[in-house]
Amino acid sequence: MDFRANLKTDNENIKIISTATYTDDGNNQMSHGTVFFLDSRYCNTYVRTMVLGGVATKPEYRRNGCVRRLFDYAFQQSDQEKAVVSILHPFSFSYYRKFGYEKISNHKVIEFPVSAIDYIPRYPDLVHYTSLDRLPDLLKIFEQFSENRNVMLKRFDASRFPVSSSETRLNTYLYYAKNGEPEGYITVKVEDVFSVNRMVGLYLHITELGFVNNEALIVLVGFVRKYQGQVDNV
Numbered sequence: 009m010d011f012r013a014n015l016k017t018d019n020e021n022i023k024i025i026s027t028a029t030y031t032d033d034g035n036n037q038m039s040h041g042t043v044f045f046l047d048s049r050y051c052n053t054y055v056r057t058m059v060l061g062g063v064a065t066k067p068e069y070r071r072n073g074c075v076r077r078l079f080d081y082a083f084q085q086s087d088q089e090k091a092v093v094s095i096l097h098p099f100s101f102s103y104y105r106k107f108g109y110e111k112i113s114n115h116k117v118i119e120f121p122v123s124a125i126d127y128i129p130r131y132p133d134l135v136h137y138t139s140l141d142r143l144p145d146l147l148k149i150f151e152q153f154s155e156n157r158n159v160m161l162k163r164f165d166a167s168r169f170p171v172s173s174s175e176t177r178l179n180t181y182l183y184y185a186k187n188g189e190p191e192g193y194i195t196v197k198v199e200d201v202f203s204v205n206r207m208v209g210l211y212l213h214i215t216e217l218g219f220v221n222n223e224a225l226i227v228l229v230g231f232v233r234k235y236q237g238q239v240d241n242v
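Using the numbering used here, the first residue of the sequence shown is number 9, and each one after it goes up by one.
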């Protein structure tokens, strides 16, 4: 087995290493994965964290120790980086328990009709995120939102806050309080289908929501009501 690691990014905020295993002759890639080192929050304190992502092995090479080789390398690197914790999104809880991981939260998808929030006033005055000029405001909201919440990865650039795009159909909107302070944001995506002669809205997917107080949360939910008539469900 030919294991390769390539340092992609290394700065004060994040270190990224792409890895891959190849057959002994080096001609065929068997698996790949990416190792990240950055900070995550616990009890309002940031600690060095190893994150694993994009781990996959081609079917014909599975159960040959490719992933184990990746983990051996990753844990060696974590010692050098003085990482305190490691997190990942598993395809199998039982499999990753072999490497010392355990479930820390459930993944819940909540669905409700837009009519369920009729009692909240509509709020239209959010600002569409179409320029990186507003990135500092988003980072500020997220930093405050993550306070007193564990396992929140620190954000420092636009990688997790891409500008709204017709390509991805993801749109982010910001809420500013009367004093001009940014206090909330919401990222949404409309799922629709073409039916007969028009697009029919199916769902409004809320992919992310961040707020610094209850007033901001109510405003963001009120903004969701602006999609009534376009979609029936959230």
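For every residue, glycine included, the Cβ atom is placed at its ideal position computed from N, Cα and C.
Computed from a predicted structure; not experimentally measured.
According to DSSP, residue i sits in a beta bridge with which residue or residues?
| i | result |
| --- | --- |
| F44 | I24 and V59 |
| M160 | R49 |
| A224 | None, per the DSSP bridge assignment. |
| N179 | V196 |
| F11 | T29 |
| V239 | Q236 |
| T17 | I24 |
Since I believe residue j is in contact with residue i (beta carbons under 8 Å), could you give me their beta-carbon distance rounded to a whole number of angstroms?
| i | j | result |
| --- | --- | --- |
| P190 | D141 | P190 to D141, Cβ: 12 Å. No contact. |
| I112 | V159 | 6 Å |
| V92 | V55 | 4 Å |
| S26 | N14 | 5 Å |
| R70 | K162 | Their Cβ separation, rounded to whole angstroms, is 34 Å, which puts R70 and K162 out of contact at 8 Å. |
To which residues of the same chain is residue i closer than 7 Å at the C-beta, ignoring the five residues directly before and after it?
| i | result |
| --- | --- |
| N221 | E191 |
| I226 | I128 |
| I125 | V229, V232 and R233 |
| L212 | V196, V198, V232, Y235, V239 and V242 |
Decide if residue i is buried, meaning its Cβ has at least 16 other Cβ atoms within 10 Å, or exposed.
| i | result |
| --- | --- |
| G61 | exposed |
| A64 | exposed |
| I118 | exposed |
| M38 | buried |
| L210 | exposed |
| A224 | buried |
| V75 | buried |
| T138 | exposed |
| T17 | exposed |
What I want to know is whether the C-beta of residue i ends up closer than 7 Å to one or more non-hydrogen atoms of the ligand HEM.
| i | result |
| --- | --- |
| F99 | Because no ligand of any kind appears in the structure shown, any question about the ligand HEM cannot be addressed here. |
By Cβ distance below 6 Å, which residues in the same chain neighbour residue i in space, the five residues on each side in sequence not counted?
| i | result |
| --- | --- |
| V135 | L182 |
| A316 | Outside the shown range of the chain (9 to 242) lies residue 316, about which nothing can therefore be said. |
Near residue i, which residues of its chain fall below 8 Å by C-beta distance, leaving aside the five closest residues on each side in sequence?
| i | result |
| --- | --- |
| L178 | P170, S172, T195, V196, K197 and T215 |
- Could I get the ranges of all uninterrupted alpha helix (DSSP H) runs contained in the stretch 75 to 145, with 4 residues as the minimum, in chain order? Runs of the alpha helix (DSSP H) inside the stretch 75 to 145: 101 to 105.
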